[in-house]
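Colleague: In terms of full-length UniProt numbering, the sequence shown has 334 at position 334, counting the first letter as 1, and numbering is strictly consecutive.
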Amino acid sequence: MSETEHYDIAVIGGGPVGLASAWHAARRGERVAVFEQFSFGNEQCGTSGAERHWRLQYTEPDLCRLTGEALPLWRELERATGHQLLHAFGSLWFGDIDVATNEGRISATARTMDDLSIPYEWLTAADIERRYGFAHLPRHFEGFVQPDGGAVDVRATVDGLLRLTEEAGCALRAHEPVLELIPDGDGVTLRTARGRCRAGKVVVANGAYANKLLEPLGSRLDLQVFEMALVTLRQRDPKARYPFWFVFQEPTEEDTNLFYGFPPNTWQDTDTVRVGPVFEVNALADPARATGTPDPRHVARMCEWVERHLPVVDPRPLARDTCLAVLPADPERQFFLGTAKGRFDGGENVVIATGGWGFKFVPLLGKVCADLCVDGATGYRVDRLMLPDADHP
Numbered sequence: 001m002s003e004t005e006h007y008d009i010a011v012i013g014g015g016p017v018g019l020a021s022a023w024h025a026a027r028r029g030e031r032v033a034v035f036e037q038f039s040f041g042n043e044q045c046g047t048s049g050a051e052r053h054w055r056l057q058y059t060e061p062d063l064c065r066l067t068g069e070a071l072p073l074w075r076e077l078e079r080a081t082g083h084q085l086l087h088a089f090g091s092l093w094f095g096d097i098d099v100a101t102n103e104g105r106i107s108a109t110a111r112t113m114d115d116l117s118i119p120y121e122w123l124t125a126a127d128i129e130r131r132y133g134f135a136h137l138p139r140h141f142e143g144f145v146q147p148d149g150g151a152v153d154v155r156a157t158v159d160g161l162l163r164l165t166e167e168a169g170c171a172l173r174a175h176e177p178v179l180e181l182i183p184d185g186d187g188v189t190l191r192t193a194r195g196r197c198r199a200g201k202v203v204v205a206n207g208a209y210a211n212k213l214l215e216p217l218g219s220r221l222d223l224q225v226f227e228m229a230l231v232t233l234r235q236r237d238p239k240a241r242y243p244f245w246f247v248f249q250e251p252t253e254e255d256t257n258l259f260y261g262f263p264p265n266t267w268q269d270t271d272t273v274r275v276g277p278v279f280e281v282n283a284l285a286d287p288a289r290a291t292g293t294p295d296p297r298h299v300a301r302m303c304e305w306v307e308r309h310l311p312v313v314d315p316r317p318l319a320r321d322t323c324l325a326v327l328p329a330d331p332e333r334q335f336f337l338g339t340a341k342g343r344f345d346g347g348e349n350v351v352i353a354t355g356g357w358g359f360k361f362v363p364l365l366g367k368v369c370a371d372l373c374v375d376g377a378t379g380y381r382v383d384r385l386m387l388p389d390a391d392h393p
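See below:
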């Protein structure tokens, strides 16, 4: 690659947010390249597995509104790809209603939905057992089911975005890690494993690896990277129907004691289900140290919970995998999003989008990144998600 090669926008990271950013920018006439250190569509990241949770509810009102703003962008993406990407079968939150977690707090989220007129049904432990096949739940457990929640088809989303970026003329550079960013007032020079190139703007959307490029510039995001277990089980009763579920419980001395699960997804002919613990423990100092093998203690904890409380599912694991969860250390912050203006020389030419449980916002985050590159601003209400001041990283 010649150093004289120039792009209007270079996107670092070929995951869903990076691809969505590239697609939205290319649709506006920008010349775009996407650099991916692995293969496109790989699972060495936070998008492994077949599905991700889609939900409207958040404890924070601004995030509830943002999911509403993301919905028409998902519909646009569905039309462009020709595939249904969002599948609504309900989102069930239950457990200790005042436990604060990275997902939010059940009681506060219900109040937010009341304020925003988002429909839901409040349920007791007995209701949840009778309706959805759970068992032996603590009697004080309560929660709600929000009917518009469900799942996002991960593979159809990533594959569709990959095709759309190709059709839009983006240069897709697989197996080409970006090793260094050299920003200045006119743009950014990128040093990759194959040479150098120049871009007017850069989008850093490489998730767990963002700090590898930012730290040499004197800027560091306060991110934590966890390798979380994904467990595949078989549903015993093919007639059983239940929503996506997330159980909120008081943490133990060893872990956060949070578990979730999907029903058999509606776009594959399968009787298997994916479940997982959300244990924010044993953060990785370097994402490259991820093994792809889950902690057997975490798998055992997950399967024990299913065996006791979800008898319609066989607790014996069929498969054990992992995904990388890249989360801001501050639980009040969902993402790092915005330009790096003021963080280093030329920072106004670098847009950052990383961290958080963000798959449900993929097309919106891509649109915001493209807006920031092309216009320097966005019309979406993402102020609280923007990068903190450089003096308070």
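Glycine is no exception: its CB is placed at the ideal position from the N, C-alpha and C atoms.
#1: Whole angstroms are fine: how far does the CA of Q37 sit from the CA of E121?
#2: Tell me the rounded alpha-carbon separation between D298 and I97.
#3: Going straight from the alpha carbon of P393 to that of V34, what length do you get?
#4: Taking DSSP as the reference, what is the three-state secondary structure of P16?
#5: Starting from T165, trace the alpha helix (DSSP H) both ways and give me its first and last residue.
#6: Along the chain, where does the beta strand (DSSP E) containing D62 start, and where does it finish?
#7: Tell me whether T293 is buried or exposed, calling it buried when 16 or more other Cβ atoms sit within 10 Å of its Cβ.
#8: Bridge partners of G338, per DSSP?
#9: Report the residue ranges of all beta strand (DSSP E) runs contained in full by the region 157 to 224; include only those spanning at least 3 residues, in chain order.
#10: For the beta strand (DSSP E) holding D314, just list the boundary residues, first then last.
#11: Could you say which of K201, A171, G195 lies nearest to residue 432 if we only look at CA atoms?
#12: Taking 8 angstroms as the cut-off, does the region 67 to 78 touch the region 205 to 212 (at least 3 CB pairs, one atom from each stretch)?
#13: Look at the alpha carbon of L162 and the alpha carbon of H136, and state the distance between them as a whole number of angstroms.
#14: Answer with buried or exposed for N349, where buried requires no fewer than 16 other C-beta atoms within 10 angstroms of its C-beta.
#15: State the DSSP-derived secondary structure class of D375, mapped to helix, strand or coil.
#16: Secondary structure at S48, three-state DSSP: helix, strand or coil?
#17: Between Y260 and F248, is the Cβ-Cβ spacing less than 8 angstroms?
#18: Could you give the residue range of the beta strand (DSSP E) that holds Y260?
#19: Just to confirm my understanding: we take T272, look at its own chain, exclude 5 residues before and 5 after, and list those with CB closer than 8 angstroms. What are they?
Modeller: Considering the structure as presented:
#1: In a straight line, the C-alpha of E121 is about 45 angstroms away from that of Q37.
#2: Per the sequence presented here, residue 298 reads as His, with Asp not at that position. Taking the straight line joining both Cα atoms gives about 23 angstroms.
#3: Low confidence applies to P393: its pLDDT is 45, below 50, so where it sits in the model is not reliable, and the reading given next is rough at best. So the two alpha carbons sit approximately 27 angstroms from each other.
#4: helix
#5: 154 to 167
#6: From DSSP, D62 is part of no beta strand (DSSP E) but of the alpha helix (DSSP H) over 61 to 81.
#7: exposed
#8: I352
#9: Qualifying beta strand (DSSP E) stretches, in chain order: 171 to 173, 178 to 184, 187 to 192, 195 to 204.
#10: 313 to 328
#11: What is shown of the chain runs 1 to 393, which leaves residue 432 out entirely.
#12: no
#13: 45 angstroms
#14: Buried is the call here.
#15: coil
#16: coil
#17: One thing to note: Y260 has its Cβ no nearer than 8 angstroms to the Cβ of F248.
#18: 259 to 261
#19: Excluding sequence neighbours, T272 sits near T232, L233, R234, Q235, P264, L318.
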